[in-house]
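If you want this note's numbering, it's the position in the sequence shown, counting the first as 1, plus 102.
Built from N, CA and C at the ideal position, the CB exists for glycine as well.
Predicted model, so just to flag it, every value in this text is computed and none were measured.
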Amino acid sequence: MIKSHKLSLMGIMEAKLRLDNVDNTVRHCFPPHWSVFHNAAAGCVARIVLGWDTQLFTVDLVLSDAEIMVVKLVTLAKEVFYVSCVYGHNSMVDRRHLWEAMRRGGMGHIKSKLDRVLINGPWLNAFSDSETTFLAPGIFYHSFILVDVLPVVRCKGPFKFFSFWMRHASFKEILKDSWLSPVEGSVRSTLYTKLKWLKSVLRDFNKNFYSGISTKVAHA
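If you want it as structure tokens, here you go:
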């Protein structure tokens, strides 16, 4: 999983590793240059295991409890963010301890969702091009969730639509091919992705057929 998906941070919930078997499992499952936190000290087994690439992150443990682990990560670019791994008990009564632990950790506004990644405004500001992929559960009850933080592509200038594009013989076909490209996700995310792809396609279209025309018009 780590090698095939090029992971740099990995959280495992419902690990259920006995304390006397944690070190051996970690050695076999994580690369040598990775470090690991687990919450076996909060109970008889490690229910949550979180590993990271020490070449990319500095990680500090903020909170470790039987049902939650919170860490602070600092990237090589000095970007700081927090990651919370939560695996709650099935019983509503047993989960009360989870809510108390989260409030002690400074999480006053609590959201809950099964097999989901929850983010906030600061994350969107810092990692606006991040995306989440849910893999097939396979033999497990829960899905593997991949979070990719994509590099932000800085454009040289704002996107401009030129009406004369529509008079080009290939325009309609290029537009159709781009818009009909298959995209998976919600209606909102699908629309966002299609518009993003279309903008890139139209930039290439303008470059291929009308290279430098905006500059020529500006100086006309």
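Helix, strand or coil: which one does DSSP assign to residue i?
{"i": "H107", "result": "coil"}
{"i": "E116", "result": "strand"}
{"i": "I170", "result": "strand"}
{"i": "A143", "result": "helix"}
{"i": "A148", "result": "strand"}
{"i": "E233", "result": "strand"}
{"i": "Y294", "result": "helix"}
{"i": "P223", "result": "At residue 223 the sequence reads Gly, which differs from the Pro that was named. Helix, per DSSP."}
{"i": "V251", "result": "strand"}
{"i": "F132", "result": "coil"}
{"i": "D196", "result": "coil"}
{"i": "Y312", "result": "helix"}
{"i": "V303", "result": "helix"}
{"i": "F273", "result": "helix"}
{"i": "F183", "result": "strand"}
{"i": "V285", "result": "coil"}
{"i": "L175", "result": "strand"}
{"i": "S265", "result": "helix"}
{"i": "T127", "result": "helix"}
{"i": "S137", "result": "strand"}
{"i": "L163", "result": "strand"}
Using 8 Å for Cβ pairs, my map puts residue i next to residue j. What's the rounded Cβ distance?
{"i": "V185", "j": "I170", "result": "No, V185 and I170 are not in contact; Cβ-Cβ is about 11 Å, not under 8 Å."}
{"i": "S280", "j": "V303", "result": "4 Å"}
{"i": "V219", "j": "I247", "result": "6 Å"}
{"i": "L237", "j": "S245", "result": "6 Å"}
{"i": "N88", "j": "S166", "result": "This structure cannot speak to residue 88, because the chain is shown only from 103 to 322."}
{"i": "P133", "j": "I114", "result": "At roughly 15 Å, the Cβ-Cβ gap does not stay under 8 Å, so P133 and I114 are not in contact."}
{"i": "V161", "j": "V173", "result": "5 Å"}
{"i": "E202", "j": "R149", "result": "Wrong, their Cβ atoms sit about 17 Å apart, outside the cutoff."}
Do you know whose CA, among the options, lies nearest residue i's CA?
{"i": "V164", "options": "D279, L158 and F183", "result": "F183"}
{"i": "R305", "options": "F261, K274, S288 and L282", "result": "F261"}
{"i": "F311", "options": "A148, M194, H130 and F264", "result": "F264"}
{"i": "A143", "options": "A168, L282 and S106", "result": "A168"}
{"i": "V147", "options": "F266, F307, T127 and V161", "result": "T127"}
{"i": "L277", "options": "S288, V173 and K298", "result": "K298"}
{"i": "S288", "options": "K108, S106, T234 and M194", "result": "T234"}
{"i": "W225", "options": "V249, E202 and R205", "result": "V249"}
{"i": "M268", "options": "V195, S313 and N308", "result": "N308"}
{"i": "T328", "options": "E275, S313, K274 and S232", "result": "With the chain running from 103 to 322 in the structure shown, residue 328 is simply not present."}
{"i": "H107", "options": "D125, D196, V251 and E116", "result": "V251"}
{"i": "L175", "options": "L200, R205, M112 and E116", "result": "M112"}
**OP:** Evaluate contact between the stretch 177-184 and the stretch 118-125, counting only Cβ atoms and requiring at least three cross-stretch pairs below 8 Å.
**Re:** They do not touch, by the three-pair rule.
Original post:
Contact between the stretch 150-168 and the stretch 129-140: three or more CB pairs below 8 Å?
Top reply: The stretch 150-168 vs the stretch 129-140: in contact.
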